[in-house]
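Enquirer:
2 protein chains.
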Amino acid sequence: MPPGPDDPPQGSFAVIFISKLKAEAPGYEQTARRMVELVESMPGFLGLESWRDADGRGVTISYWRDENAIAGWRDHPEHAEARRRGDEQWYDDWRIQVCRIERAVRKS
Amino acid sequence: MPPGPDDPPQGSFAVIFISKLKAEAPGYEQTARRMVELVESMPGFLGLESWRDADGRGVTISYWRDENAIAGWRDHPEHAEARRRGDEQWYDDWRIQVCRIERAVRKS
Numbered sequence: 009m010p011p012g013p014d015d016p017p018q019g020s021f022a023v024i025f026i027s028k029l030k031a032e033a034p035g036y037e038q039t040a041r042r043m044v045e046l047v048e049s050m051p052g053f054l055g056l057e058s059w060r061d062a063d064g065r066g067v068t069i070s071y072w073r074d075e076n077a078i079a080g081w082r083d084h085p086e087h088a089e090a091r092r093r094g095d096e097q098w099y100d101d102w103r104i105q106v107c108r109i110e111r112a113v114r115k116s
Numbered sequence: 009m010p011p012g013p014d015d016p017p018q019g020s021f022a023v024i025f026i027s028k029l030k031a032e033a034p035g036y037e038q039t040a041r042r043m044v045e046l047v048e049s050m051p052g053f054l055g056l057e058s059w060r061d062a063d064g065r066g067v068t069i070s071y072w073r074d075e076n077a078i079a080g081w082r083d084h085p086e087h088a089e090a091r092r093r094g095d096e097q098w099y100d101d102w103r104i105q106v107c108r109i110e111r112a113v114r115k116s
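Protein sequence lines correspond, in order, to chains A and B. Throughout the first sequence, residue numbering follows this note's numbering, covering 9 to 116 in sequence. Throughout the second sequence, residue numbering follows this note's numbering, covering 9 to 116 in sequence.
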């Protein structure tokens, strides 16, 4: 078993993005791959993990150094455009929760 | 699209449990179902969502009113015993992140 990503430090942030894709979401996969490429270049980005069920219900948890880093990603023009398309074309529903890491533990 | 669970309130907590199941995890499903039943009876429990990939990589996010509620669940004897079995028999790896909800938004 690989050790997995580093634990997010106390005081950093997790952004939980829960979504439900439409049955037909043309262009979604290509944009999703581009967003992963782009987010990895953002200052203060610490990491990302995603899951999606066969029925289109998914969650992506991204980790950030601070609130400024989250705002920088939110305001990136290409990401803003992707969100606009997502609302119109790809997502039946989404929810976002921004939360501050209090502590992290892992299997010893 | 159903409205989904309520947004967790600011100041409540999310516990992110990321895990990797072994290829063979006898008894896991039964205990997992029992844990869901049990957690829903815990004071301060606000909700739960789970995803798991075909390869056994999963995440469960549970929501809690406060740290006391999280500690109550951690210390429940039946849950503690399930965790012990999990470490020994079911999980190749797990990570937990406890975080405080700063804000929540959803698709309008």
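Using N, Cα and C, we set each Cβ at its ideal position, and we do this for glycine too.
Tell me whether B/Gln18 is buried or exposed, calling it buried when 16 or more other Cβ atoms sit within 10 Å of its Cβ.
Expert: When all chains shown are included, B/Gln18 counts as exposed.
Enquirer: Taking the continuous beta strand (DSSP E) assigned at B/Glu32, which residues delimit it?
Expert: Run containing B/Glu32: none; DSSP gives neither H nor E here.
Enquirer: Does the distance from the C-beta atom of A/Cys107 to that of B/Ile109 stay below 8 Å?
Expert: Taking 8 Å as the Cβ cut-off, A/Cys107 and B/Ile109 qualify as a contacting pair.
Enquirer: Flag B/Ala22 as yes if its beta-carbon sits less than 8 Å from any beta-carbon of chain A, otherwise no.
Expert: Taking Cβ atoms only, chain A reaches closer than 8 Å to B/Ala22, which makes this a yes.
Enquirer: Considering Cα atoms alone, identify which of B/Phe21, B/Trp98, B/Trp81 and B/Ser27 is closest to B/Ser58.
Expert: Minimum Cα distance to B/Ser58 is reached at B/Ser27.
Enquirer: For A/Gln105, count the other beta carbons within 10 Å of its own beta carbon; 16 or more makes it buried, fewer makes it exposed. Which is it?
Expert: That one is buried.
Enquirer: Give me the subset of the stretch 82 to 113 of chain A whose CB atoms are less than 8 Å from a CB atom of chain B, sorted by chain position.
Expert: Answer in chain order: Asp95, Tyr99, Asp100, Asp101, Trp102, Arg103, Ile104, Gln105, Val106, Cys107, Arg108, Ile109, Glu110, Arg111, Ala112 and Val113.
Enquirer: Have a look at the DSSP bridge pairing and note the partners of B/Asp101.
Expert: In the DSSP output, where bridge partners are listed per residue, B/Asp101 has B/Lys28.
Enquirer: For B/Val67, decide whether its Cβ has a neighbour in chain A, counting only Cβ atoms nearer than 8 Å.
Expert: B/Val67 counts as touching chain A.
Enquirer: Which of helix, strand or coil does DSSP assign to B/Ala77?
Expert: Correct three-state label for B/Ala77: helix.
Enquirer: Are B/Trp102 and B/Phe25 close, meaning C-beta to C-beta below 8 Å?
Expert: In contact: B/Trp102 and B/Phe25 (Cβ atoms closer than 8 Å).
Enquirer: Can you find at least 3 beta carbon pairs, one from the stretch 91 to 100 of chain A and one from the stretch 69 to 76 of chain A, that sit closer than 8 Å?
Expert: No, the stretch 91 to 100 of chain A is not in contact with the stretch 69 to 76 of chain A.
Enquirer: Taking 6 Å as the limit between beta carbons, can you name the residues of its chain near A/Val47, skipping five residues before and five after?
Expert: If we look at A/Val47 and ignore the five residues flanking it on each side, its Cβ neighbours are Phe53.
Enquirer: Between A/Trp59 and chain D, is there a C-beta pair that is closer than 8 Å?
Expert: Absent here is chain D; the protein component of the structure consists of chains A and B.
Enquirer: So, with DSSP's three-state summary, where would you put B/Ala62?
Expert: Three-state result, B/Ala62: coil.
Enquirer: Between B/Val184 and A/His87, what straight-line distance do the alpha-carbon atoms span, to the nearest angstrom?
Expert: Missing from the structure shown is residue 184 of chain B; chain B here goes from 9 to 116 and no further.
Enquirer: Tell me the DSSP secondary structure of A/Gly55 in three-state form.
Expert: Strand, per DSSP.
Enquirer: Taking 8 Å as the threshold (C-beta atoms), are B/Met50 and B/Ala90 in contact?
Expert: No, these two residues do not count as a Cβ contact at 8 Å.
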